[in-house]
Each structure stands twice: as structure tokens, then as C-alpha cells.
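Only one structure is covered here, and it is reproduced in the block below.
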Amino acid sequence: MVYALFTTAGSVFRGSAVCMYSMADIRNVFNGPFAHKHGHNYQWTEYTGKIPYPRPGTCPGGTFTPGIRSSKNFSDEAVNFIRAHPLMIHPVYPIHRRPLVVRTGVDYRFTALVVDQVDAVDGRYEVLFLGTDRGTVQKVIVLPKDPTSMEELTLEEVEVFRSRAPVKTMKISSKRQQLYVSSDAGLTQVSLHRCGVYGRACSDCCLARDPYCAWDGESCSAFTPSTKRRSRRQDVKHGDPLRQCRGFNAKVEKRLRETVQFGVEGSSTFLECQPRSPQATVKWLFQREGKRKVLNRVGGVLKTNHGILLKSLNQSDAGLYHCLATENNFKHTVARVALRILDRDIVLALTAQDEDEEPKTRQAGPYTQPSLVSTPFPPEIRLINQYCQSYWEQLSPRQQQRKRTSRRHTEGQDQGLG
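Numbered by my numbering, the letters in the sequence shown go through residues 94 to 511 in order.
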């Protein structure tokens with residue numbers, strides 16, 4: 094296979110493409126007819142005349158020219174023919190007659206390309222490392238979509254030069270598992286795989302579809318074909334965690350922690366959620382009073398790649414928010430955020446009190462070490478303490494009820510033993 098990188102030359106339209114060609118197709122075209130300008134309009138047509146020996150394009154000293162050691166020994170007829178017929182009549186089409194990777198409408202171009210062949214559980218895959226003119230390297234894998242087409246999947250993009258210096262050349266060291274990248278800013282090395290960024294869950298590692306990585310039963314780690322472990326999970330072709338991670342997905346949902354976030358009534362707050370896979374689609378669910386439904390807040394919601402921004406909060410926004418990611422028909426919860434709304438009047442009163450106390454603390458006088466009891470806490474800390482106090486008061490009766498129930502159960506056991 095031959096990989097070729099194409100970029101646009103002008104500044105009006107920016108784009109790049111990567112094509113893959115078969116050596117068999119290239120040989121067939123170069124062994125075919127030459128192109129020839131014919132007629133008054135000098136149109137390119139197929140040359141049907143006599144072709145000199147040795148055939149132009151034949152390497153000297155090969156099977157067909159054993160007596161010729163150098164192209165300098167070619168006859169004048171052969172040299173003049175190739176000068177007049179530098180083109181072949183048939184083009185060389187890429188495999189499936191379309192590019193593997195296309196980038197248009199972006200603020201960068203591809204400047205360098207290297208390809209690594211990686212052995213995975215379900216076969217061998219080609220991983221493309223594409224350098225850009227903004228100092229980054231994209232890691233792309235090409236997967237068979239159907240018998241007549243391929244699809245490209247961007248695994249990650251790494252910033253290798255902070256100065257945004259264009260990448261000039263790249264070399265792969267299979268022995269060291271490193272990618273060496275050069276530019277006018279210098280030379281650096283990048284690991285071919287960073288399996289740790291995919292997380293510790295089996296589903297996240299499987300959805301990454303990185304042939305360098307596999308789930309080893311504990312985390313996403315580097316895969317070696319020689320390692321034989323029953324707990325290895327990898328599915329590059331389909332990325333199906335429902336089949337590969339059966340029995341492990343429920344454990345991940347149980348281990349997911351619920352975070353508590355505070356917001357002030359009338360202000361804005363940002364709920365963070367960033368799936369590990371860039372191919373995942375995100376949907377937010379809102380749960381209140383035991384009922385969970387799709388978030389359908391009227392106005393004041395800004396969705397980003399890192400979460401959602403809720404504007405003009407009110408008491409009805411308090412509840413539990415679920416960030417649900419979907420990829421390859423697999424759904425899993427990425428984040429759970431319990432949003433608590435603090436009363437605006439209380440916040441204003443506390444902040445106003447702090448502003449009144451501030452001039453008094455600036456009055457001149459002998460310095461005394463403030464005690465922890467008299468030290469005024471920031472408004473945010475006092476608001477959180479206020480919430481914790483009210484939450485504890487609501488929780489205390491439940492704990493007392495549990496203690497009484499546990500005591501009765503223990504007394505019953507003692508009587509039974511007696």
C-alpha cells in the first residue's frame with residue numbers, strides 16, 4: 094500500500110486529504126498505454142504507436158533489461174519517447190475511489206504523515222499519525238465500514254509544540270513504541286499509545302477502539318499480542334462494550350460518585366460532563382422527587398463540549414442531573430450532579446454583613462491574634478455550613494430511627510440466644 098498526503102495551496106480554501114493506493118493498481122497503470130497529444134487541438138489521447146525498447150519506466154538491470162546497468166545506457170529513441178510522452182492515459186485511483194481522511198473548513202492543514210501497522214485481537218489495523226501546521230499530531234485509525242468503503246476514526250489529538258510550529262517530519266520507532274516529531278522549534282517524542290487517558294472502565298476502553306490498548310481486568314493498558322489473559326477485552330472493529338464487557342458495566346454505574354454543587358438563585362452555574370470518547374453523544378436527564386426525565390428547561394441553557402451552563406437559576410432547578418453518553422447503542426452515565434439552590438436574599442444579607450464588617454477590621458490599633466471562633470468565614474463557607482446544618486437536622490431523625498431498629502434487632506437476638 095502507498096499512502097499519499099494532499100493539501101490545498103491557496104488561502105481561500107483550506108483542506109487536506111489522505112489517500113491510499115494499491116501497488117498492483119500502480120503497476121497496471123504504468124504498464125498500460127501512454128498518453129499522446131494528437132490533432133489540431135492537441136488533446137490527450139491513447140498512444141497506439143510503437144514503444145521503444147527498453148520500455149520507458151523500466152528499471153535498468155531488472156528482469157527485462159539484464160544487459161543495461163544504468164539509465165544512461167538507454168537508447169536515444171527511448172529517451173526522446175519519454176520526453177514526448179511523460180503521462181499515462183489512465184489515472185491511478187485510490188482504493189474505493191475516495192480519500193481515507195478529509196479535512197475541510199478547518200483552520201489547519203496536514204503537513205506530515207506516517208503509518209504504523211498494529212496487531213490487535215481481531216486483526217491488523219493501520220494507524221495514521223498526521224502532523225499539522227499548528228503543532229499537533231492527530232492519531233487516526235481506518236476501519237472497514239463495508240466491503241466497498243472505509244471509515245476513519247480520530248482517536249486523539251496531541252499538542253507536541255506549544256509554539257504552534259508546523260510539523261515537518263515524523264518517524265516511528267516500533268521497538269521503543271515512540272513517535273519522533275520535528276519542526277523548526279525542535280525535536281520531541283510522543284508515545285504511540287496513552288491508554289491511561291481512556292479511564293479504568295472496561296466500556297470506556299472498548300469504546301476507544303484503540304488497537305494499542307485493551308482492558309486487562311483492572312484498567313486500560315497497552316496490548317501485546319503475546320500476552321494471553323482471559324480478562325483481556327478489546328473490540329477495535331465494532332467497539333461493542335455490551336458484548337465485550339458483559340458483567341462489568343453495572344459495577345461502573347455503582348462506583349460512579351454523586352457530586353454536590355451549589356448555585357445562587359438568579360445567578361448561573363456550570364455542570365461539567367466530558368465523555369472520554371469524542372464520538373459519544375451526550376444527553377442530560379433531570380431527576381426530582383424520584384422522577385427522571387430529559388432536561389427540557391425553557392431558555393437559559395447553553396450546551397458545550399464540556400457540559401451545560403444553566404442561566405438565571407431558580408428553586409425549581411434544584412435536583413439531580415444525570416449526564417448520559419451514548420455511543421454504538423451503548424448508554425452509560427458519565428456524571429451525576431446534585432444541584433442545591435441557595436436563597437438569593439440570604440446570600441445578599443450575608444455579603445452585605447461582610448461589607449459592613451470590613452471597615453472595622455481596617456481601623457488602626459494593636460494587633461491581636463484572632464481566635465478561630467471570632468474569625469469571620471467567607472460567605473460561601475457559611476452558606477455551605479448553613480446547608481450542611483439543615484441537611485444534618487433532616488438526617489438526624491432517620492439515623493435515630495435506624496439506631497432504634499438496630500437496637501431492637503440486637504435485643505431480639507440476645508433473647509433468642511438466652
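Cβ atoms here follow ideal geometry from the backbone N, Cα and C, with glycine treated the same way.
>> For the alpha helix (DSSP H) containing S296, name the first residue and the last one.
In response: C295 to A301
> In the segment 165-239, which residue ranges form an unbroken beta strand (DSSP E) of at least 3 residues, counting only runs that do not cross its ends?
Replying inline: 194-197, 203-213, 216-225 and 229-239
> If you draw a straight line from the C-alpha of C295 to the C-alpha of D215, how long is it?
Replying inline: 17 Å
> Starting from V253 and walking both ways along the beta strand (DSSP E), at which residues does that stretch end?
Replying inline: Unbroken run through V253: none, as it is neither H nor E.
> Tell me which same chain residues have a C-beta within less than 6 Å of the C-beta of V172, skipping the five on either side of it?
Replying inline: none
> For the segment 400-417 against the segment 371-381, are there 3 or more C-beta pairs whose distance is under 8 Å?
Replying inline: yes
> Which value, in whole angstroms, describes the spacing of the CA atoms of P237 and V329?
Replying inline: 11 Å
> What residue does the alpha helix (DSSP H) around M116 start on, and which one ends it?
Replying inline: M116 to F123
> Where does Q337 land, buried or exposed, given buried means 16+ other C-beta within 10 angstroms?
Replying inline: buried
>> Could you tell me the alpha carbon to alpha carbon distance between K424 and L403, rounded to whole angstroms?
In response: 24 Å
>> Tell me the rounded alpha-carbon separation between Y273 and T158.
In response: 40 Å
>> Among the candidates M181, R369, R293 and V353, whose CA atom is the shortest distance from the CA of F341?
In response: R293
>> Using a Cβ distance threshold of 8 Å, determine whether the segment 130-147 contacts the segment 233-248, with at least three qualifying pairs required.
In response: no
> Excluding the five sequence neighbours on either side, which residues of its own chain have a C-beta within less than 6 Å of the C-beta of D212, listed in chain order?
Replying inline: P318
> Using the C-alpha atoms, what's the distance from R326 back to L395?
Replying inline: 37 Å
> Does DSSP classify A373 as helix, strand or coil?
Replying inline: coil
> Taking the Cβ atom as the reference point for each residue, do T262 and D226 lie within a distance shorter than 8 Å?
Replying inline: no
> Exposed or buried, A177, counting other C-beta atoms within 10 Å across all chains shown (16 or more means buried)?
Replying inline: exposed
> Based on Cα-Cα distance, which residue from F316, L364, A102 and L248 lies nearest to Q270?
Replying inline: F316
> Just the Cα atoms here: how many angstroms apart are T374 and D297?
Replying inline: 14 Å
> Going straight from the alpha carbon of G393 to that of D438, what length do you get?
Replying inline: 21 Å
> If you run the structure through DSSP and keep just helix, strand and coil, what is A258?
Replying inline: coil
>> Taking 6 Å as the limit between beta carbons, can you name the residues of its chain near S370, skipping five residues before and five after?
In response: L300 and E420
> To the nearest whole angstrom, what separates the beta carbons of V253 and V207, a pair I think is in contact under 8 Å?
Replying inline: V253 to V207, Cβ: 13 Å. No contact.
> If you compare alpha carbons, which of H331, G400 and R433 is closest to N422?
Replying inline: H331
> What does DSSP give as the partner residues of M94 in its beta bridges?
Replying inline: In DSSP, M94 forms no bridge with anything.
>> Am I right that S115 and I188 are in contact with their C-beta atoms under 8 Å? What's the rounded C-beta distance?
In response: 6 Å
>> By the DSSP assignment, the alpha helix (DSSP H) with R429 in it spans what residues?
In response: Premise fails: R429 lies in the beta strand (DSSP E), F423 to L435, not in any alpha helix (DSSP H).
>> Please report the straight-line C-alpha distance between V466 and L388, rounded to a whole angstrom.
In response: The predicted position of V466 is uncertain, since its pLDDT is 40 and thus under 50; a value taken from the coordinates is nonetheless stated next. Cα to Cα, V466 sits roughly 43 Å from L388.
>> Let's see if you can read the secondary structure: which residues bound the alpha helix (DSSP H) around L335?
In response: P334 to Q337
> On the premise that V230 lies in contact with V194, defined as a C-beta separation below 8 Å, what is that separation, rounded to the nearest angstrom?
Replying inline: Not quite, the Cβ-Cβ distance comes to about 14 Å (not below 8 Å), so this is no contact.
> Out of curiosity, what's the CA-to-CA distance linking A153 and F222?
Replying inline: Note that residue 153 is Pro in the sequence shown here, rather than Ala. Those two C-alpha atoms are separated by around 35 Å.
>> Quick check on this structure: which residue in V220, S163, V290 and F106 has the alpha carbon closest to the alpha carbon of G150?
In response: S163
> According to DSSP, is S163 helix, strand or coil?
Replying inline: coil
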